[in-house]
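Let me begin by presenting the structure, written as structure tokens, before commenting on it.
2 protein chains.
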Amino acid sequence: MAGLPERVQIREVGPRDGFQNEPEIIPTGKKIELIDMLSRTGLPRLEVTSFVRPEVIPQLSDAEEVLAGIDVPAEVSLSVLIPNERGLDRALAVRETHAGPRPAFDEINVFLSASETHNRKNVNRSIEESLAGLEAVLGRAREEGLRCEGVISTSFGCPYEGRVAVERVLHIARRLRDAGAQEIGFGDTTGMANPVQVDEFFAHAFASIDGARPASGAGGETEPAPGGGSAEDREVRLTAHFHNTRGQGLANALAALQAGVESFESSFGELGGCPVPAGATGNIATEDLVSMLREMGVQTRIDLDALLACARRAQEILGRRLGSHTLVAGPVDWR
Amino acid sequence: MAGLPERVQIREVGPRDGFQNEPEIIPTGKKIELIDMLSRTGLPRLEVTSFVRPEVIPQLSDAEEVLAGIDVPAEVSLSVLIPNERGLDRALAVRETHAGPRPAFDEINVFLSASETHNRKNVNRSIEESLAGLEAVLGRAREEGLRCEGVISTSFGCPYEGRVAVERVLHIARRLRDAGAQEIGFGDTTGMANPVQVDEFFAHAFASIDGARPASGAGGETEPAPGGGSAEDREVRLTAHFHNTRGQGLANALAALQAGVESFESSFGELGGCPVPAGATGNIATEDLVSMLREMGVQTRIDLDALLACARRAQEILGRRLGSHTLVAGPVDWR
Numbered sequence: 300m301a302g303l304p305e306r307v308q309i310r311e312v313g314p315r316d317g318f319q320n321e322p323e324i325i326p327t328g329k330k331i332e333l334i335d336m337l338s339r340t341g342l343p344r345l346e347v348t349s350f351v352r353p354e355v356i357p358q359l360s361d362a363e364e365v366l367a368g369i370d371v372p373a374e375v376s377l378s379v380l381i382p383n384e385r386g387l388d389r390a391l392a393v394r395e396t397h398a399g400p401r402p403a404f405d406e407i408n409v410f411l412s413a414s415e416t417h418n419r420k421n422v423n424r425s426i427e428e429s430l431a432g433l434e435a436v437l438g439r440a441r442e443e444g445l446r447c448e449g450v451i452s453t454s455f456g457c458p459y460e461g462r463v464a465v466e467r468v469l470h471i472a473r474r475l476r477d478a479g480a481q482e483i484g485f486g487d488t489t490g491m492a493n494p495v496q497v498d499e500f501f502a503h504a505f506a507s508i509d510g511a512r513p514a515s516g517a518g519g520e521t522e523p524a525p526g527g528g529s530a531e532d533r534e535v536r537l538t539a540h541f542h543n544t545r546g547q548g549l550a551n552a553l554a555a556l557q558a559g560v561e562s563f564e565s566s567f568g569e570l571g572g573c574p575v576p577a578g579a580t581g582n583i584a585t586e587d588l589v590s591m592l593r594e595m596g597v598q599t600r601i602d603l604d605a606l607l608a609c610a611r612r613a614q615e616i617l618g619r620r621l622g623s624h625t626l627v628a629g630p631v632d633w634r
Numbered sequence: 300m301a302g303l304p305e306r307v308q309i310r311e312v313g314p315r316d317g318f319q320n321e322p323e324i325i326p327t328g329k330k331i332e333l334i335d336m337l338s339r340t341g342l343p344r345l346e347v348t349s350f351v352r353p354e355v356i357p358q359l360s361d362a363e364e365v366l367a368g369i370d371v372p373a374e375v376s377l378s379v380l381i382p383n384e385r386g387l388d389r390a391l392a393v394r395e396t397h398a399g400p401r402p403a404f405d406e407i408n409v410f411l412s413a414s415e416t417h418n419r420k421n422v423n424r425s426i427e428e429s430l431a432g433l434e435a436v437l438g439r440a441r442e443e444g445l446r447c448e449g450v451i452s453t454s455f456g457c458p459y460e461g462r463v464a465v466e467r468v469l470h471i472a473r474r475l476r477d478a479g480a481q482e483i484g485f486g487d488t489t490g491m492a493n494p495v496q497v498d499e500f501f502a503h504a505f506a507s508i509d510g511a512r513p514a515s516g517a518g519g520e521t522e523p524a525p526g527g528g529s530a531e532d533r534e535v536r537l538t539a540h541f542h543n544t545r546g547q548g549l550a551n552a553l554a555a556l557q558a559g560v561e562s563f564e565s566s567f568g569e570l571g572g573c574p575v576p577a578g579a580t581g582n583i584a585t586e587d588l589v590s591m592l593r594e595m596g597v598q599t600r601i602d603l604d605a606l607l608a609c610a611r612r613a614q615e616i617l618g619r620r621l622g623s624h625t626l627v628a629g630p631v632d633w634r
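Next up, the structure:
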């Protein structure tokens, strides 16, 4: 199969995106236990909590305690979700006072929707208002030396508005990039994407976002644009975040790989990710993604058995069966 | 996305493969109701029952009654599974005495495994013994004017033996073809396949089975082999039958489409398909496959809403929630 990247980087979002969607409050100690386990599976990046207001998401009101309690190897990059400047203030306060061999966290994520209606319903702002606020957050975070990702929800379709124009999504991506985001995540928030759309989307994205480059060998590879800033300044990573709402999550991931995407977000145990309607699947399971990549010979450096142990432990803690397929079936056994 | 076929043909296997795996006996009247519903969704082909010995699979012991009771439009091709010559005798007796505007069925399927151990455990024969028996079945069925498919289980891996050599699978395929099969189905019986493997497998298969041709436009397209027999005699269709055991079913289907496969088997409601271990997913859900194809612009002529109504009705009859994703989430709504 031509054009696949040699290796792929996965950010595990279960401790933030997954836990946030759990109806029962998970004890802080259990969250810390799971994050510590996840950080020893070979996963290079973990999104561990969020600095939204505690009244809005009580499940993540223990952000400070989680960051103080976890024991994560320095080579694992930790990110936290920041909704606005107040959230950034809280996060920076934690980082300044943090004691220990490594920083409390290394990266921040900010987010907005590509659809006005979805953004309004989610954060009660227009896209323009969100962008203005996030530009301020990104500017300050970069000054603090934090790596920054901007995540764009409903990048492949909106449950309220239907089609979302690719040009609108890419316009938002460029705004985030210009404000300092070194990575843009494109979220298929309600699982509307299909492989043909994903292929075309990333071909456009790599062609029209300065500093974004597909994996070498992928169909869409282009020469780096000449001039303007150092390579360091110009590089921006494009990340795919798929949901499995209609069972197409891994097919979309395959299409993204073929289009040159080397960075993915997913959630262990298939936790979280806007399960709408109730009972629907949200995020693709990290185990299923890692299983597919491993079988295809794409390197992730993640120990699938260790990752499955994390999902099994989450299943015990949450007291219900999780949706990940590989968790039930086990890894492929070639004897 | 280059190389996708314009249209795809799906055989619905739920009434045989799906029902067979149900622990409770489904009343014959309910089976007939579901088959009649399925036959009005635009599905071109249905596998409706099996002529295995009633003691072996009590669930399908009503094969005669089902075929006598259904009311299926003439343009829908019906197939039955035939394990051996005794099963063929029973099936032909039904066909001879069948009254009505259309034949009782149009096609037969025969099956064996590509792995000795799996074949032995499944039908208590060596592969060579199975082939000898099936060659006799195929010869007689062709004389009766029946269209014939040979299905090869564990084509992409065996839970007992691990890797299964592609050459061994293709050798069996050629034997079945030479014995009269006009279609070869390759089954990923326990969901061990991955997209890279699927891509390579079908490239080999199209290149080395006389009369097998990938969809025009697909990467692997080759010129028809010259000489020997009429086109009618030589053509053989290659069909992919994937399971979603590790969540990769639709990703494998995408890889098969890109390799030029235009024919798939799947099961409505995600019923059946060797769910091993217990609780694991078996067949890919027809609704999920149709949803993906529809969204990608590949024609199937299947009415997704009508198909979802069948799965919803099966859910009522079986009294449990079925696994199909699109059944829970509904079709993608672009407004």
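Chains as they are written, first to last, in the numbering used here: chain A, 300 to 634; chain B, 300 to 634. All C-beta atoms in this analysis are idealised placements derived from N, C-alpha and C, irrespective of residue type, glycine included.
- Residues of the region 455–475 of chain A with a Cβ closer than 9 Å to any Cβ of chain B, in chain order: G456, C457, P458, Y459, E460, G461, R462.
- Residue state for G486/A is assigned as strand, using DSSP reduced to three classes.
- Residue state for A584/A is assigned as strand, using DSSP reduced to three classes.
- In summary, E466/B is exposed, with fewer than 16 beta-carbon neighbours lying within 10 Å of its beta-carbon over all protein chains present.
- The continuous alpha helix (DSSP H) containing H417/B extends over residues 415–422.
- Proximity of R620/B to chain A, defined by a Cβ-Cβ separation below 9 Å, is satisfied.
- The beta carbon of E384/A sits closer than 8 Å to the beta carbons of G432, A435, V436, R439 from its chain, once the five residues preceding and following it are set aside; these are given in chain order.
- In this structure, the alpha-carbon of G341/B lies about 6 Å from that of D602/B.
- Using a 10 angstroms sphere on the CB of R315/A, the tally of other CB atoms reaches 16 or more, which defines it as buried.
- Counted as a single uninterrupted DSSP element, the stretch harbouring Q547/A is not any alpha helix (DSSP H), since DSSP gives it neither H nor E.
- Within chain A, the C-beta atoms nearer than 7 Å to that of R634/B come from E460, G461, in chain order.
- The three-state secondary structure of F410/A, taken from DSSP, is strand.
- Here S566/A is near T585/A, since their CB atoms are less than 9 Å apart.
- With respect to the 9 Å criterion, E564/A and G456/A are not classified as neighbours on the basis of their beta carbons.
- Residues of the region 538–555 of chain A that bring their beta carbon within less than 9 Å of a beta carbon in chain B comprise N543, T544, R545, G546, Q547, G548, L549, A550, N551, A552, L553, A554, in sequence order.
- The beta carbon of L570/B sits closer than 6 Å to those of G313, G317, all from its chain and outside the five residues before and after it, given in chain order.
- In the three-state scheme derived from DSSP, where H, G and I count as helix and E and B as strand, A480/B is classed as coil.
- Listed along chain A is no residue with a C-beta nearer than 7 Å to that of N320/B; the closest approach is about 16 Å.
- Put simply, the CB of N493/B is near chain A, with a gap under 9 Å to one of its CB atoms.
- A373/A places its beta carbon less than 9 Å from that of R401/A.
- Per the DSSP secondary-structure output, I331/A pairs with nothing in a beta bridge.
- The contact set of S590/B on chain A, defined by CB atoms closer than 8 Å, consists of R545, G546, Q547 in chain order.
- Within the same chain, Cβ atoms closer than 8 Å to the Cβ of Q308/B are found at P343, R344, E561, S562, F563, T599, the five residues on either side in sequence being excluded.
- Among the CB atoms of chain B, one or more fall inside 9 Å of the CB of I583/A.
- Under the DSSP assignment, T348/B falls outside any alpha helix (DSSP H), being part of the beta strand (DSSP E) whose first and last residues are 344–349.
- For L537/B, the enclosing beta strand (DSSP E) has its first and last residue at 536–540.
- The beta carbons of H540/B and V450/B sit about 7 Å from each other, so the pair counts as a contact at 8 Å.
- It is roughly 21 Å from the alpha-carbon of V535/A to the alpha-carbon of A464/A.
- V355/A counts as exposed, since fewer than 16 other C-beta atoms from the protein chains shown sit within 10 angstroms of its C-beta.
- DSSP lists L411/A, F485/A as the bridge partner or partners of I451/A.
- Contact note: P576/A reaches chain B through V627, A628, G629, using a C-beta cutoff of 8 Å and chain order.
- Here DSSP, grouped into helix, strand and coil, assigns C573/B to coil.
- Near chain B, meaning a CB-to-CB distance below 9 Å, the residues of the region 481–505 of chain A are T489, G490, M491, A492, N493, P494, V495, Q496, V497, D498, E499.
- With at least 16 other beta carbons inside 10 angstroms of its own, I471/A counts as buried.
- For R389/A, the enclosing alpha helix (DSSP H) begins and ends at 384–396.
- Counted as a single uninterrupted DSSP element, the alpha helix (DSSP H) harbouring V497/B occupies residues 494–507.
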